[in-house]
Structure formats: structure tokens, C-alpha cells
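Residue numbers (our numbering): 97 to 333.
Okay, here's the thing in C-alpha cells:
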């Protein structure tokens with residue numbers, strides 16, 4: 097059966113042109129859609145979001161499953177697969193290698209979850225690395241590779257604050273420029289506070305930060321994040 101007409105391309109998503117493979121494009125769109133829905137989608141939901149017939153979506157998902165790029169659970173909901181982790185390992189490996197000890201030290205110092213986030217495009221950021229505390233009674237947990245809007249959450253706010261001021265930007269972006277680190281409350285996950293700072297001098301705009309449930313001293317944590325961000329920047333030179 098033939099494919100249906102795709103829905104209008106969402107912002108930040110590559111548009112199909114005559115020099116591209118339509119089948120490969122739709123397969124990659126499935127991965128992008130699944131990345132936005134970590135709890136998974138049904139086959140009908142995937143077909144609707146990508147803009148293809150259910151039969152086409154089934155063939156594409158079966159192919160992605162064979163390469164372990166997606167998987168189905170017991171109730172046939174489809175989500176990203178572990179094969180993506182293997183593919184992503186070489187990407188930005190130098191940055192991750194240098195960042196790990198810095199994040200581990202920051203986590204040990206604060207007993208909060210530390211994260212490294214890169215700017216994916218003008219509208220989104222991607223969680224590149226997570227380091228969770230070993231001794232905390234409870235802590236925030238995120239999924240590596242998670243994609244979030246750049247204007248929500250401390251990681252994205254820190255990146256926006258590094259750019260020239262724009263008309264109608266959030267007050268939080270302006271306050272980030274003033275104090276050097278960003279703070280957000282419940283914007284990515286309910287009851288979670290984020291504190292992030294820009295890592296200067298990276299090839300791709302990058303922020304480093306903390307996510308935690310309780311904040312005793314916001315300024316002290318902000319200084320710890322700033323120290324870690326500048327230490328990573330020094331290592332990258």
C-alpha cells in the first residue's frame with residue numbers, strides 16, 4: 097500500500113527533498129518521534145505522527161527492531177532500543193571522557209544528580225551524560241539522550257543566556273546572565289530544581305548542572321556548578 101502524505105514538518109526536523117531517501121527519512125523520523133515519547137507509542141500513533149500508512153510504519157518498525165534501535169513491550173508499545181546506545185558511544189567521546197570525572201566530583205560534593213547537556217538545535221537540548229550520587233537517600237534520575245525544549249529547564253536557560261539578548265526572552269534568561277548560572281523549578285520534571293552553567297569554549301554549546309529535590313543554599317550550589325563548568329572548560333583547551 098502507498099504511503100500517505102506526511103504532516104507538516106515540525107520545527108527543528110529535517111524536511112524531505114528530492115535528493116533524499118523517503119524510506120530512510122521516515123525510519124529516522126520514527127526514532128525522533130520515539131525520543132519525544134520515552135514511555136512508548138502504539139504502531140497507530142507512530143504512523144499518525146510520522147505521516148505514513150500503518151502498513152508502512154509496521155515495516156519500518158520491524159526493520160528498526162531487527163537492528164535493536166527500537167523495541168516492543170508486553171502491551172506492544174514501541175520505544176527506543178538499546179542499539180542506539182552502542183551507536184552513540186563514539187559521538188562526542190572526548191567531551192564525555194573529560195566530563196565524567198568533573199561530574200563525579202560535583203555529584204560527590206553535592207550529593208545531587210549531575211548532568212551534561214548539549215544544544216541539539218535552535219529549539220532543543222539533549223542530555224549527553226548523567227552521573228547519579230551513590231550515597232544520597234534519594235536522587236533524580238534522567239534518561240541519557242533525553243531531548244527537552246531549550247527554553248525550559250536550567251540547562252537550556254544557561255545556553256540561551258550565553259547568546260545575545262533577544263526581545264521577549266524570559267526573565268530567567270536575563271537573571272542567568274546576571275549571576276552566571278541558571279535555576280529552574282519543576283520545568284523538566286515536577287518537584288525537581290535544576291541549576292546549570294555554561295561550559296565556556298566547547299565546540300557545541302554545552303551546559304553542566306545539577307538536578308535535585310531539595311535546595312538548602314541555591315547560591316552555594318550555583319558556585320559549585322560554576323566551578324565545575326570552568327574546570328571542564330580548562331580541560332578541553
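A virtual CB, placed ideally from N, CA and C, is assigned to each residue, including glycine.
**Request:** Determine the direct distance from the alpha carbon of residue 318 to that of residue 224, and round the result to whole angstroms.
**Result:** 20 Å
**Asked** Looking at the unbroken alpha helix (DSSP H) that takes in residue 307, where does it start and where does it end?
**Response** First-last for residue 307: 302 to 308, but that is the beta strand (DSSP E), not the alpha helix (DSSP H).
**Asked** Between residue 142 and residue 128, what straight-line distance do the alpha-carbon atoms span, to the nearest angstrom?
**Response** 10 Å
**Prompt:** When the Cα atoms are used, what is the spatial distance from residue 260 to residue 313?
**Reply:** 29 Å
**contact_flag[the segment 201 to 209, the segment 154 to 169] where n(CB pairs < 8 Å) is 3 or more** = no
**Asked** When DSSP labels each residue in this structure, what does residue 288 get in the three-state scheme?
**Response** coil
**Prompt:** Looking at the unbroken beta strand (DSSP E) that takes in residue 226, where does it start and where does it end?
**Reply:** 220 to 227
**Item:** Whole-Å CB distance - residue 215 paired with residue 301, under 8 Å assumed
**Value:** 4 Å
**Asked** Within 10 angstroms of its Cβ, does residue 251 collect 16 or more other Cβ (buried), or is it exposed?
**Response** buried
**Asked** So which of 255, 226, 230, 227 has the shortest CA-CA distance to residue 217?
**Response** 255
**Residue span of the alpha helix (DSSP H) that contains residue 215, given as start and end** = Not the alpha helix (DSSP H): residue 215 falls in the beta strand (DSSP E), residues 209 to 215.
**Asked** Taking all protein chains shown into account, do 16 or more other C-beta atoms lie within 10 angstroms of the C-beta of residue 162, making it buried, or fewer, making it exposed?
**Response** exposed
**Prompt:** By Cβ distance, which residues of its chain are closer than 7 Å to residue 311, with the 5 residues on each side in sequence left out?
**Reply:** 289, 317
**Request:** May I have a chain-ordered list of the alpha helix (DSSP H) segments no shorter than 4 residues that lie completely inside the segment 124 to 178?
**Result:** 139 to 146, 150 to 162
**Asked** Would you call the CB atoms of residue 178 and residue 164 closer than 8 Å?
**Response** yes
**Request:** Work out the CA separation of residue 121 and residue 258 for me, nearest whole Å.
**Result:** 33 Å
**Item:** Bridge partner(s) assigned by DSSP for residue 244
**Value:** 221
**Asked** Does the separation of the CB atoms of residue 213 and residue 287 fall below 8 Å?
**Response** no
**Request:** Just confirm the distance between the C-beta atoms of residue 266 and residue 247, as a whole number of angstroms; I'd bet it's less than 8 Å.
**Result:** 7 Å
**Item:** Helix, strand or coil at residue 324 [DSSP, three-state]
**Value:** helix
**Request:** With a cut-off of 8 Å on the beta carbons, I'd call residue 327 and residue 297 a contact; round off their distance for me.
**Result:** The pair is not a contact, with the Cβ atoms about 12 Å apart (cut-off 8 Å).
**Buried versus exposed, by CB contacts within 10 Å (16 or more), residue 229** = buried
**Message:** Between the alpha carbons of residue 320 and residue 293, how many angstroms are there, rounded?
**Reply:** 10 Å
**Asked** Using the C-alpha atoms, what's the distance from residue 236 back to residue 282?
**Response** 12 Å
**Under the three-state DSSP convention, the category residue 111 falls into** = coil
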